[in-house]
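Asks:
Residue numbers (the numbering used here): 35 to 397.
1. Among 128, 240, 92, which has the Cα closest to the Cα of residue 214?
2. Go ahead and pull the three-state DSSP assignment for residue 69.
3. Does the segment 187–199 touch the segment 245–260, meaning 3 or more C-beta pairs lie closer than 8 angstroms?
4. Work out the CA separation of residue 375 and residue 111 for me, nearest whole Å.
5. When DSSP labels each residue in this structure, what does residue 196 get in the three-state scheme?
6. Give the DSSP-derived three-state secondary structure of residue 379 in the structure shown.
7. Alpha carbon to alpha carbon, what distance is there between residue 343 and residue 288?
8. Let me check understanding here. Comparing Cα to Cα, which of 47, 266, 42 lies closest to residue 18?
9. Taking CB distances under 8 angstroms as the criterion, tell me whether residue 94 reaches chain D.
10. Hey, how far is the Cα of residue 395 from the Cα of residue 277?
11. Is it right to say residue 76 is buried, meaning 16 or more other beta carbons lie within 10 angstroms of its own, or is it exposed?
12. Are there three or more Cβ pairs, one per stretch, closer than 8 angstroms when the segment 314–331 is compared with the segment 285–301?
13. Would residue 377 be called buried (16 or more neighbouring beta carbons within 10 Å of its own) or exposed?
14. For the candidate residues 50, 42, 54, 45, whose alpha-carbon lies nearest to that of residue 338?
15. From the DSSP output, in three-state form, read off residue 95 for me.
16. Enumerate, from N- to C-terminal direction, the unbroken beta strand (DSSP E) stretches of 3 or more residues contained entirely within the segment 145–203.
17. What residue range is occupied by the uninterrupted beta strand (DSSP E) comprising residue 222?
18. Straight-line CA distance for residue 86 to residue 327?
19. Are the beta-carbon atoms of residue 301 and residue 348 separated by less than 8 angstroms?
20. Measuring only the C-alpha atoms, how far is residue 121 from residue 198?
21. Would residue 210 and residue 247 qualify as a contact pair, given that the criterion is a beta-carbon distance under 8 angstroms?
See the structure below:
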């Protein structure tokens, strides 16, 4: 079967790119391994909401999500700063019901004409340079020829790395997250720094609170019971978070990569990387989803131009993602520089903002 674009990865980045491309009349297939994406506590910034509405005003329905009533920050000084937000203006952040959000954007993509295959992975991909196409096979045995591939596989950036892409790793931060009860009716976003990392807590639909401790991977104990004990000890030492969330009888702690990094080049021969595959930013900035929307839209426009025989937007997209990476690193350094109370390696490495290593592609 012949298609214009195969998108590998069915998260927000892949679905939004599919929406843009299908809306421009392109034959698009999105494949996804079907694994659950743990997206609790994700914030959609005012910029992110505006970007979605500019693409298609059906992509985001505020009625399905919670508006932040206030921000409480214990960062860089011992007192707490409170900033109020207003749900009736365009400067409000939204606490996403992630399942509702994902289903909503996929529904729009389907209405535009995009196709989806859930529970499938890319088994093989061969670039036929003389024909300018990819010959690909999925794990279900189906075969396609696609003119372009979009890598929306997150920080793994498997398509890019398989084809020689290099990912610059800035840190190995891990998010350890649990869904708890709430002791307050306020929809707040709380953040508190600690000697070995930092916390955030936020309400999500259903009167629940997501509490997340972010630290470097080497701080985390090995083993589920030891990691749970470590997490509870860190919670006990974070009063601004502890007073907002209430422990339930049973709760699960999930660990997910939350490090910063970017691809040295977000474009290659017949492929483009989008979302976290192109650039993953520190959760402190609450800009990850907005960045995914921006890269997905611009990459989709560049891909559409390539399919029409115009390649200039590829260079523009590469410059754009590099500029985003540079600006994100400047913001990252500035945020961490505000907190000078702690002297652990977690903070020292971020104050120095050193590059950890380059992950070289395997293809």
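By construction, the Cβ of each residue, glycine as well, lies at the ideal position given by its N, Cα and C atoms. Source: prediction; values computed, not measured.
Replies: In short, the structure shows the following:
1. The candidate whose alpha carbon is nearest that of residue 214 is 240.
2. coil
3. no
4. 8 angstroms
5. Helix, per DSSP.
6. helix
7. Distance between the alpha carbons of residue 288 and residue 343: 45 angstroms.
8. Past the edges of the chain, shown from 35 to 397, lies residue 18, and the structure says nothing about it.
9. The structure shown contains no chain D; it holds only a single protein chain.
10. Confidence in residue 395 is poor, its pLDDT being 48 and thus under 50, which makes the residue's placement too unreliable to answer from.
11. Burial of residue 76 is indicated by the presence of at least 16 other C-beta atoms within 10 angstroms of its C-beta.
12. yes
13. exposed
14. 54
15. coil
16. 149–152, 156–162, 167–172, 177–185, 201–203
17. 222–228
18. 7 angstroms
19. Between residue 301 and residue 348, the CB-CB gap stays under 8 angstroms.
20. Only weak support exists for where residue 121 lies, its pLDDT of 45 falling under 50; the coordinates are left without a value.
21. yes
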